[in-house]
DNA sequence: GCCCATAGGGATAAATTTATCCCTATCTGA
DNA sequence: TCAGATAGGGATAAATTTATCCCTATGGGC
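Chains as they are written, first to last, in this note's numbering: chain A, 1 to 132; chain B, 133 to 264.
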């Protein structure tokens, strides 16, 4: 496992929530699990852009942070189901609000994100003329 | 500037919001700016854990994504003030909810985050005994 | 037997983000 | 004149996160 070299900030709520939510697919995972998509393979199908590996890694982190629990059914082929803990559920309003804001502002977001790619073409006329 | 090699996902609201909010200090910046802390040097003092450089970089990204605007006062020494755009303001409920959740769950969060460091000491008794 | 599905993790490369260091400019105050 | 404040960016190293590839195991279907 990777060993952190820079200490974690814990000064305020924003620092803390970042620690558990920062990760490319964590919010998606919480969302889908809350919607009843609980098995790893189902989650993977739901988020095909992510690799199986990252999903496993991030599911483990969410579990470690007690936002989800893992139930392993002792059968073959193996069956596993993740569920939100009460703690994880308490985070749902945040997840939902994020998703809603993203949905509501799709157009705007796609436009400003697109700008990133065009960045290199930009005129770059950063003249400021302070000294005259 | 860094040139992206992997395309950006734009499949759902969560993908989109991630693009503009993913960054170690972006949410903090939005929060402080909304609280009237608008000048770069003030923001830096407010977030001493961050380096001046990252704050500049992330402020630029927020600006590019039209969440904030930058007003440059043509004077010396230079004076700059950032403000939320209406779009940025529409994101405040999300920022606030995140901060509140983090604050409300401080104890729990600090505990589970602490576990990360102790990870290496964990027993690791991952016996599953399916086949019997 | 071979392929697919289930679940998961190690090792390592690649991508991306942050951190460090250094430089430009000008005004104010000691 | 030197130190410090203001604001900002380039170059490069380091840290961290994701992506790739490969392996283990077992049961079912053809």
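All C-beta atoms, glycine included, are put in the ideal place defined by N, C-alpha and C.
This structure is a prediction, so every number in the text was calculated from the model and none was measured.
- Query: Leaving out five residues before and five after residue 182(B) in sequence, what residues of the same chain have Cβ atoms less than 6 angstroms from its Cβ?
  - Reply: If you number the second chain from 1, residue 182(B) lands on position 50. Excluding sequence neighbours, residue 182(B) sits near 157.
- Message: Tell me the DSSP secondary structure of residue 203(B) in three-state form.
- Response: What you label residue 203(B) is simply residue 71 of the second chain in a count that begins at 1. The answer is strand: DSSP assigns residue 203(B) an E or B state.
- Query: Would DSSP call residue 26(A) helix, strand or coil?
  - Reply: Taking the first residue of the first chain as 1, we reach residue 26(A) at position 26. DSSP places residue 26(A) within a helical segment (H, G or I) once states are collapsed to three.
- Contact test: residue 11(A) Cβ vs the ligand ATP heavy atom, cutoff 7 angstroms: Ligands are entirely absent from the displayed structure, and the ligand ATP is therefore not among its contents.
- Quick one: does residue 58(A) have its CB under 8 angstroms from some CB of chain B? For this step, residue 58(A) is matched to residue 58 along the first chain. So, not an interface residue.
- Kindly confirm or deny that the segment 172 to 180 of chain B and the segment 217 to 233 of chain B touch, where touching means at least three C-beta pairs closer than 8 angstroms. No: the two stretches stay apart, fewer than three of their Cβ pairs being nearer than 8 angstroms.
- Query: Do the segment 186 to 198 of chain B and the segment 135 to 146 of chain B touch if we need at least three Cβ pairs shorter than 8 angstroms?
  - Reply: When Cβ pairs closer than 8 angstroms are counted between the two stretches, the segment 186 to 198 of chain B is seen not to touch the segment 135 to 146 of chain B, the count staying below three.
- Message: So with CB distances below 7 angstroms, who are the chain B contacts of residue 93(A)?
- Response: As a working note, residue 93(A) is residue 93 in the first chain. Neighbours of residue 93(A) across chain B, judged by C-beta separation under 7 angstroms: 229.
- Task: Compute the Euclidean distance between the alpha carbons of residue 2(A) and residue 22(A), then round it to the nearest angstrom.
- Result: The sequence position of residue 2(A) within the first chain is 2, counting from 1. The sequence position of residue 22(A) within the first chain is 22, counting from 1. Taking the Cα positions, residue 2(A) is about 16 angstroms away from residue 22(A).
- Query: Rounded to whole angstroms, how far is the Cβ of residue 191(B) from the Cβ of residue 219(B), which I believe are closer than 8 angstroms?
  - Reply: Stepping through the second chain from its first residue, residue 191(B) is reached at position 59. Stepping through the second chain from its first residue, residue 219(B) is reached at position 87. No, residue 191(B) and residue 219(B) are not in contact; Cβ-Cβ is about 15 angstroms, not under 8 angstroms.
- Query: Would the beta-carbon of residue 95(A) fall within 8 angstroms of that of residue 27(A)?
  - Reply: Mapped onto the first chain, residue 95(A) falls at position 95. Mapped onto the first chain, residue 27(A) falls at position 27. Result yes, Cβ atoms of residue 95(A) and residue 27(A) sit closer than 8 angstroms.
- Continuous alpha helix (DSSP H) stretch holding residue 224(B): start and end: Translated into positions along the second chain, residue 224(B) becomes position 92. That run of the alpha helix (DSSP H) goes 224 to 236.
- Query: Buried or exposed: where does residue 15(A) fall if 16 or more other Cβ atoms within 10 Å of its Cβ makes it buried?
  - Reply: For the purposes of this step, residue 15(A) is taken as residue 15 along the first chain, with counting starting at 1. With a 10 Å radius around the Cβ and a threshold of 16 neighbouring Cβ atoms, residue 15(A) comes out buried.
- Message: For residue 108(A) and residue 194(B), I'd like the C-alpha separation in whole angstroms.
- Response: Against the first chain, residue 108(A) aligns to sequence position 108. Against the second chain, residue 194(B) aligns to sequence position 62. Approximately 13 angstroms, taken between the alpha carbons.
- Report all residues from its chain with a CB closer than 7 angstroms to the CB of residue 129(A); omit the five preceding and five following residues, and keep chain order. Counting from 1 along the first chain, the entry for residue 129(A) is found at position 129. Confidence at residue 129(A) is low in this model, with a pLDDT of 32, below 50, so its placement is unreliable and the value that follows should be read with caution. Once the five neighbours on either side are set aside, residue 129(A) has no close Cβ partner at all.
- Task: Could you check if residue 80(A) is buried or exposed, using at least 16 other CB atoms within 10 Å of its CB as the buried criterion?
- Result: One-based indexing of the first chain puts residue 80(A) at position 80. Residue 80(A) is exposed by the Cβ-count criterion.
- Item | Residues of its chain near residue 217(B), where Cβ-Cβ distance is below 8 angstroms and the 5 sequence neighbours each way are ignored | For this step, residue 217(B) is matched to residue 85 along the second chain. Counting only Cβ-Cβ distances below 8 angstroms, and skipping sequence neighbours, we find 198, 199, 200 and 201.
- Roughly how far, in whole angstroms, is the beta-carbon of residue 38(A) from the beta-carbon of residue 82(A), given that I think they are within contact range, below 8 angstroms? The count along the first chain starts at 1 and reaches residue 38(A) at position 38. The count along the first chain starts at 1 and reaches residue 82(A) at position 82. Going by Cβ atoms, the distance from residue 38(A) to residue 82(A) rounds to 5 angstroms, so yes, they are a contact pair.
- Message: Taking the beta strand (DSSP E) that residue 213(B) belongs to, which residues open and close that run?
- Response: Against the second chain, residue 213(B) aligns to sequence position 81. From DSSP, the beta strand (DSSP E) with residue 213(B) extends over 211 to 216.
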